[in-house]
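See below for the structure under consideration.
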Amino acid sequence: MKSISARKRTNEVTVPYPFKSAKEMLEYCNSTGLSLSGMVMQNELALHSKKEIEEYFGSRLADHAGLY
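Position one of the sequence shown corresponds to residue 2 (our numbering), numbered consecutively onward.
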């Protein structure tokens, strides 16, 4: 049986803009010209389809619509 860390390594997905800090995020934005949201979207698209992302945020907006 594989250890948890070995399973994590096998299931890892590479994103175009990996980061570990806000400083790294801003460095990517400065070097690529992408906005922060654009950079994050590119990473999300490496993990999920555009349809999945739109459905997720659509359902979050619907969940919060009654709060305002």
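Ideal Cβ placement from N, Cα and C applies to all residues, glycine included.
Whole-angstrom C-beta distance between residue j and residue i, which should lie under 8 Å
i, j, result
"Tyr57", "Met40", "That pair is no contact at about 18 Å."
"Val14", "Leu48", "6 Å"
Nearest to residue i (by Cα), restricted to the options the options
i, options, result
"Ser22", "Thr33, Glu45, Glu13, Leu37", "Leu37"
Inter-residue spacing [alpha-carbon to alpha-carbon] between residue i and residue j
i, j, result
"Gln43", "Leu62", "21 Å"
"Glu28", "Glu45", "18 Å"
"Phe20", "His65", "29 Å"
"Gly67", "Glu25", "36 Å"
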